[in-house]
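Okay, so here's the structure we're looking at.
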Amino acid sequence: MEDPTTSDQSPVDELRTAATRLRKLSEEVHHGINQAKEYAEIDARSGHFIGLENFRSRELNELAKDANTLQIHSLGSEVFTESAFNISIVDNAPNIAHLTKALTPELRGYFALYGHHVHVVKHELFIPQAMANTRQDALKFAQVAIYALRIRTGNQFRAVGISNISWNQMACAPGTLEMHLLEPVGRPKWEDDKSNVTCEDLEWLLLAGTRILALNSLPSFHLAFNSAGEAPFLTDVRTSIARTWAGIEALFDVQQELSYRLSMYAAVLYSDVLDERANFQKQFKRLYTRRSKAVHGAHMPQKELVITASESWQLLSDLIEACIRTGNELVSPQTFDRVLLGEKLERKHYRSALADVADRARKSQQHIQSNRMDA
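Numbering (the working numbering), first residue to last: 450 to 824.
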């Protein structure tokens, strides 16, 4: 068996190969620093930057593909630059060599750990300082935004870490970078390859944000919302199914006749259209049967478990969106019973109440662009 430590190269050739590698590494390090400096000249944002892995947006990709110069490619930039939910492309994430100088002295000892994670960051969520003065406040906003976008789009992207400097500019940070890792490394148990985050999704998030925060203050909705946000990343599929259905049941205060009442209430909440209600109830009861098998340890092929987990999660996501469309409070069992007897379920649409938020953001952005042109 050949000794892997031996080489056909002469000592001189080995030195030349090593020198070539070092030269290439040095060029990559300097290129990253120079590009970070260029980003710093065109991007003066101050706030919190959450690095994202596996975030997918065709709109952002098209912007980057058509660009001829270095610029910030941001989803919804024409309206939402000054909003709390701004997502942009990262194409100059730092490497380990950059982190040895960029991190603060207190964090510098973790450069290897951070370097193992940062290379997967391709997008960042920006939360302005004016919106969240502390890192803890920023993380609260970020969690709601990330979970809500996962629920709406099915794009199971991961929050890698939070920092005080844009991920595109970290390479040139002079020992001022503060970074903290967030969600653990892991791939979702299921994924929709066609999932895609659009500007319309960010607009929905902006308009529905106040209602989501109000609902999230309710323990039952909070449990359901967090279940939807976290279930795809749990290590065991059966545990994921159990967590998802705990979230579904939390939305309805049902103590008896679980299968029947849950399916009826869920169908009523989901839609006002009779055919859609009937189809939703049928799907609900089918998945409830599978859920019982999964959480009680019955034999199920792995493929069937994953499908059950994915479809149950989509069921929970649909119900959470229905809650957001309905109002700032969860619908009571008494109200559901009256609706089943013929009363119409009242939907308090958030868009009409919050449309002026988008108008103010649009006017603010126009004002900023006007000032830049004057300058």
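Ideal placement from N, C-alpha and C gives every residue a C-beta, glycine not left out.
Computed from a predicted model, the values in this text were never measured in an experiment.
Exercise for the section: Indicate whether S615 and E573 have their beta-carbon atoms separated by less than 8 Å. Expected result: Start at 1 with the first residue of the sequence shown, and residue 615 comes out as number 166. Start at 1 with the first residue of the sequence shown, and residue 573 comes out as number 124. Yes, Cβ-Cβ distance for S615 and E573 is below 8 Å.
Practice task
With DSSP collapsed to three states, give me the class of S708.
Solution key: On the sequence shown, position 259 is the one that residue 708 refers to. In this structure, S708 counts as helix in the three-state DSSP scheme.
Handout entry: G564 (DSSP reduced to helix, strand or coil)
Key = On the sequence shown, residue 564 is found 115 positions in, with the first residue counted as 1. Residue state, collapsed to three classes: helix.
Exercise for the section: Have a look at G500, Y559, D724 and flag the residue whose alpha-carbon is nearest the alpha-carbon of Q618. Expected result: For this step, residue 618 is matched to residue 169 along the sequence shown. Among G500, Y559, D724, the Cα nearest to that of Q618 is on G500.
Problem - Other residues of its chain near L789: CB distance less than 8 Å, five sequence neighbours each side excluded - result: Within the sequence shown, numbered from 1, the residue matching residue 789 stands at position 340. Excluding sequence neighbours, L789 sits near M713, V717.
Handout entry: Opening and closing residue of the beta strand (DSSP E) in which E463 lies
Key = Indexing the sequence shown from 1 puts residue 463 at position 14. Not the beta strand (DSSP E): E463 falls in the alpha helix (DSSP H), residues 460 to 491.
Practice task
Run the CB neighbour count on R796, radius 10 Å, all protein chains shown included, and call it buried at 16 or more, exposed below.
Solution key: Position 347 of the sequence shown, counting from 1, holds the residue named residue 796. Classification for R796: exposed.
Problem - Burial state of Y488, where buried means 16 or more other Cβ atoms lie within 10 Å - result: Here residue 488 corresponds to residue number 39 of the sequence shown, with the count starting at 1. So Y488 counts as buried.
Practice task
Confirm, please, whether the CB-CB distance from G624 to T553 is below 8 Å.
Solution key: Here residue 553 corresponds to residue number 104 of the sequence shown, with the count starting at 1. Here residue 624 corresponds to residue number 175 of the sequence shown, with the count starting at 1. A Cβ-Cβ contact shorter than 8 Å links T553 with G624.
Handout entry: Option nearest S547 by Cα separation, candidates S741, T693, S475
Key = Residue numbering aside, residue 547 sits at position 98 when the sequence shown is read from its first letter. In the sequence as displayed, the identity of residue 547 is His instead of Ser. Closest by alpha carbon: S475.
Practice task
Output yes or no for whether 8 Å exceeds the beta carbon distance between A542 and L626.
Solution key: For this step, residue 542 is matched to residue 93 along the sequence shown. For this step, residue 626 is matched to residue 177 along the sequence shown. With contacts defined as CB atoms closer than 8 Å, A542 and L626 fail to qualify as a contacting pair.
Problem - Simplified DSSP state of M828, which is helix, strand or coil - result: Summary: the structure shown does not reach residue 828, with the chain confined to residues 450 through 824, and so no result is reported for it.
Exercise for the section: Count the other CB atoms, across all protein chains shown, that sit within 10 Å of the CB of T602; report buried if there are 16 or more and exposed otherwise. Expected result: Position 153 of the sequence shown, counted from the start, is the residue given in the question as residue 602. With 16 or more Cβ atoms within 10 Å of its Cβ, T602 is classed as buried.
Handout entry: Alpha-carbon spacing of N665 relative to H480, whole angstroms
Key = Here residue 665 refers to the residue found at position 216 when the sequence shown is read from its first residue. Here residue 480 refers to the residue found at position 31 when the sequence shown is read from its first residue. Rounded to whole angstroms, N665 to H480 spans 44 Å at the Cα level.
Practice task
Would you mind working out which of P577, Y737, V567, W762 sits nearest K872, comparing C-alpha positions?
Solution key: Outside the shown range of the chain (450 to 824) lies residue 872, about which nothing can therefore be said.
Exercise for the section: With a threshold of 16 other CB atoms inside 10 Å of the CB of L707, please say whether the residue is buried or exposed. Expected result: Here residue 707 is taken as the residue at index 258 of the sequence shown, counted from 1. Under this definition L707 is an exposed residue.
Practice task
Return the CA-CA distance between D721 and L794, expressed in angstroms with no decimal places.
Solution key: Along the sequence shown, one-based indexing puts residue 721 at 272. Along the sequence shown, one-based indexing puts residue 794 at 345. C-alpha separation (whole angstroms): 8 Å.
Handout entry: Three-state secondary structure (DSSP) of S720
Key = As a first step, residue 720 is located in the sequence shown; it is residue number 271 there, counting from the start. Three-state result, S720: coil.
Handout entry: Proximity of I690 and A758 at Cβ, strictly below 8 Å
Key = Here the question's residue 690 lines up with position 241 in the sequence shown. Here the question's residue 758 lines up with position 309 in the sequence shown. Yes, the Cβ-Cβ distance between I690 and A758 is below 8 Å.
Practice task
Report the rounded CA-to-CA distance for T469 versus K571, giving the unit in angstroms.
Solution key: For this step, residue 469 is matched to residue 20 along the sequence shown. For this step, residue 571 is matched to residue 122 along the sequence shown. It is roughly 28 Å from the alpha-carbon of T469 to the alpha-carbon of K571.
Exercise for the section: Would you check if the stretch 643 to 650 and the stretch 664 to 681 touch, i.e. whether three or more CB-CB distances between them fall below 8 Å? Expected result: no
Handout entry: Residues that DSSP places opposite N535 in a beta bridge
Key = For the purposes of this step, residue 535 is taken as residue 86 along the sequence shown, with counting starting at 1. F575.
Problem - S612 - containing alpha helix (DSSP H), residue span - result: In the sequence shown, residue 612 corresponds to position 163, counting from 1. Not the alpha helix (DSSP H): S612 falls in the beta strand (DSSP E), residues 607 to 612.
Problem - L655 versus D767 - alpha carbon distance - result: To locate residue 655, count along the sequence shown from 1; it is residue 206. To locate residue 767, count along the sequence shown from 1; it is residue 318. If I take the Cα positions, the gap works out to 19 Å.
Exercise for the section: Give me the Cα-Cα distance between L509 and L556, rounded to the nearest whole angstrom. Expected result: Counting from one through the sequence shown, the residue named residue 509 turns up at place 60. Counting from one through the sequence shown, the residue named residue 556 turns up at place 107. C-alpha separation (whole angstroms): 32 Å.
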